[in-house]
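So the sequences go chain by chain: A and B.
Sequential numbering from 1 applies to the first sequence in our numbering.
Sequential numbering from 1001 applies to the second sequence in our numbering.
Quick reminder that beta carbons are idealized off the backbone N, C-alpha and C, glycines included.
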Amino acid sequence: MNTKKSLYSLAVGEAGKILGLRCEENMRRRFLDLGFLRGEEVRCVGKSPLGDPRAYLIRGKTVALRQRDAEGITLE
Amino acid sequence: MARGGKHGGRVTKSEVNLTLAGNPNVGKSTLFNTLTGMRVHTGNWAGKTVDTATATVKVGDVCYHITDIPGTYSLFYHSEEERVARDCIAFGKGDITVVVCDATSLCQGLNLALQVMECGGRTAVALNLVDEAKKRGISVDAIALSRELGVAVFPTVAHKRNTITPLLAALEGLKPSERVLYYPDAIESAVDKVYRALLPYGVEVARRRYFALRLIDGGEDMREKIFSALGVTGEGACQIISAVDAAWQGLFAAGIDREEYERLIATALVQRADEIAEHTVKICEGGRDVTGRLDKILTGRVSAYPVMLLLLALTLFITLSLANYPSAWLASLFAWLEGASRTALVGIGSPDWLVGILIDGVLNTLGEVVAVMLPPMAIFFPLFSLLEDSGYLPRIAYNLDRPFACAGACGKQALTMCMGLGCNAVGIVGCRIIDSERERRLAILTNSLMPCNGRLPMLITLIGAFYTLSGVGGGTPLVALGLSLFIVLSVCLTFLITLLLSRTLLRGAPSSFTLELPPYRKPRVLSTVYRALTQKCASVLLRAVAVAAPFGALLWCLSSITVGGKGIISYAASALDPIGSIFGMDGAILFAFTLGIPANEIVIPILLLIYGAGGTDTAGALLSCGWTPVTALCTAIFALLHWPCSTSLITVYKETHSIRDTALAFLIPTVTGLLLCLLVNAAAVLFF
């Protein structure tokens, strides 16, 4: 289970396909609204100056997520 | 077609409640302003409405009560904003909801539009920013969109009234939205079970379906809301609850648990929105490039912080160097006005006390406040709005999130601090953009550490006085540098105190953080400057004037009513002298800050009045009152860090409903300021 690749493992410029969400309820709904759905392509497009949070391009929008939250999104 | 009966035909009511909904940052508030004739203060800084604003507009013989609700992505209730929005649309008395969508990124807007339509009211879509979309090579077919959604769609450019007229004209004929969203069979049959249980209660078809959906996935509070909206009690409630249980039985049997249910609903919404967008939007690629390249500099590892500091210093420098001239003009204008009206009043034989109250009290204080405060504000607010309009502000939160997370807080606190630079009360309300309750309180309690626009001019005066007294000389660049240092100090203190609070009174781990980084756009200079001046400046200035005028009169009375040859005010000041001297100040200064609680802008005028000094050269006047460089420095520190103004304190109470938090908001900056003053004074006594 814990060997699954998470969103956080993407390097800047890399993309992946979303497999699922492993986080608490409020966060999960937030992710769903933002479009982090199974099968969507998501790309890491940048890091903040201190490395965390990072910016991800999902469905045409750029969303910043912290490491802890990005680790809750698993990739195929 | 509409089956709701009473909504079948044209609206004949003369009063209609209209709600404006939309994603954050799609120009919803601008549309609201244009609709209402720009008469309404939209209330805050980040370009975000965090509270509802209302106004009434008459079109023909119909009176529209328009409510502008917070910008949200969904109605699923993660944050305070979404709760307010959902309550307004699904449970409010709104007749019509206009969903404002951003034509440059339609999917996200359509997702919300579909959710709003699902709530069952009459809905229209304002396809906003069509001009911006065209510039980026995006075209949206409004007619096709209207056909796909089954509601009226109007292309708009929010700040151009003529583009909104068709929307206004069509409002009267709007019909309830039709159902355009279907969920997987298992969910539909579960909804049907609950829907049937709701049949005895009088409500439109679509809204009944919405209630059924939310009874299944909503929590306890959602159920309460729906029951009270439908007037469900006792026996009826039991029947509905057992229908919900039965629905879940069916869902579980189909292998759908709560998490899967939410996922399926969200997926259906997003996919439908995508499908519609695919049929209606044509995109020529390109446009993200500029944002990507700018972000390399503005959020880059090496350049981000220097650029941020540079922008802050530059903003302050422009503000200071440009403000000097209008300040001097205003000061001489008021001096002339004082002279002229004094002659006139004395000429018609007014008694001395009346001349005193009106001229030396009201007009003098008013002049001080307006001349000192208006010019920097009139430059600072528009500059800041331009930064806001360009899309840079969220990058500040992005850059600073890491340090805030280390202090147990949220990066969005940086945005509320920026708002605090304009007005702390606004910054405190703005803290609602922070989702976590604990982190929101951290931001509220520390907001007053940022010097607001009422204190910036005071700081400038005091820093100038410090330079003059210590013989360094002055000059705008030096003052701007000093002011930047003071702001850096308050940022450092904010971090420190946030850290201390999250280790003690507001213990907890940082929660999650999602922040959208919109593409940069060229600020619309003229309309932004106009808006900043007419709304933000005007309201802050009016508040200051409203406080300054009566206070001026009161002060004059206090200083002129004499007992034993001295004014009452001087007794109070000398009584405070021993306390003041511990902190490197004097009694008059402490007393001026105490009287200045209604508005920080009046502290310096009060001080001059107590000293009995006056004239246009404030620093010179202070020099003649026995001030030393230490006095100026300590007073400047205390100006940065003392009790928040009464408006801020009331706002803290309104936002937290807690006396304890209000007291903390009072004590935190006060104690910090006094401690720093004590240290500086002690150091000065020891080493000089």
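Contact between A:R43 and A:A11 is ruled out by a C-beta separation of about 11 Å, above the 8 Å threshold.
Nothing from the segment 1126-1144 of chain B brings a Cβ to less than 8 Å from some Cβ of chain A.
For a Cβ distance threshold of 7 Å, residue set S1105, Q1108, E1516 of chain B lies close to A:K61, ordered along the chain. For A:A15, there are no C-beta contacts with chain B under 8 Å, since the nearest C-beta of that chain is about 14 Å from it. For B:F1032, DSSP records no beta bridge to any residue. Going by beta carbons, B:R1402 and A:S6 fall outside the 8 Å limit.
A straight line joining the alpha-carbon of B:F1583 with that of A:L32 spans about 55 Å. Our two residues, B:S1527 and B:Q1535, have alpha carbons roughly 12 Å apart in a direct line.
Among the residues of chain A, those whose CB is under 7 Å from the CB of B:N1399 are S48, P49, following chain order. For B:T1156, the three-state secondary structure derived from DSSP is coil. Straight through space, the alpha carbons of B:L1676 and B:S1228 are spaced by roughly 54 Å.
Interface annotation, A:L10: not in contact with chain B, CB-CB separation never under 8 Å. Restricting attention to alpha helix (DSSP H) runs no shorter than 4 residues, the segment 1582-1662 of chain B encloses them at 1587-1595, 1603-1611, 1618-1623, 1629-1640, 1646-1656, ordered along the chain. Leaving aside the five residues that flank B:V1191 on each side, the residues in its chain whose CB is nearer than 8 Å to its CB run, in chain order, Y1183, R1209, A1212, L1213, I1216, A1247. In this structure, B:N1424 lies away from B:C1406, with their beta-carbon atoms at least 8 Å apart. When C-alpha distances from A:L21 are compared across B:R1263, B:C1107, B:G1219, the shortest belongs to B:R1263. Counting the other CB atoms within 10 Å of its CB gives B:S1624 a total below 16, which places it among the exposed residues. Separation of B:L1641 and B:Y1064 (C-alpha to C-alpha, rounded to the nearest whole angstrom) is 45 Å. Taking the CA atoms as reference points, B:V1059 sits about 23 Å from B:C1101.
For A:L32, the nearest beta carbon of chain B is closer than 8 Å to its own beta carbon. Scanning chain B for C-beta atoms nearer than 9 Å to the C-beta of A:L37 yields R1263, A1266, T1267, V1270, Q1271, reported in chain order.
8 Å or more divides the Cβ of B:A1197 from the Cβ of B:Q1249. Judged by beta-carbon spacing, B:A1548 lies within the 8 Å limit of B:A1599, meaning their Cβ atoms are closer than that value. Taking one beta carbon from each stretch, the segment 1546-1562 of chain B and the segment 1365-1376 of chain B have 3 or more pairs nearer than 8 Å; the two touch. Shortest Cα-Cα distance from B:T1067 to any of B:Q1271, B:T1054, B:S1074 involves B:T1054. B:A1538 sits away from B:E1601, with the two beta carbons spaced by 8 Å or more. Neighbourhood of B:F1513 in chain A, by CB distance below 9 Å: P53, A64, L65, R66, R68, D69, in chain order.
Pairing B:L1633 with B:F1513 gives a Cβ-Cβ distance that is not under 8 Å. Residue range 1304-1347 is occupied by the alpha helix (DSSP H) that includes B:L1314. Residues K1193, V1194, A1197 of the same chain have their beta carbon placed closer than 6 Å to that of B:A1243, with the five preceding and five following residues left out of the count. The closest CA to that of B:I1241, considering only B:I1226, B:A1254, B:A1253, is found on B:I1226. Counting along the chain, B:G1454 sits inside no alpha helix (DSSP H), nor does DSSP assign it H or E at all. Take A:C23, set aside five residues on each side of it, and the residues of its chain with a beta-carbon closer than 6 Å to its own are G72, in chain order. Judged by pairs of C-beta atoms under 8 Å, the segment 1435-1447 of chain B touches the segment 1505-1524 of chain B, as three or more such pairs exist. Contact between B:I1668 and B:L1445 holds, with the beta-carbon distance rounding to 6 Å and staying under 8 Å. Look at B:R1161 here: in three-state DSSP terms it is helix.
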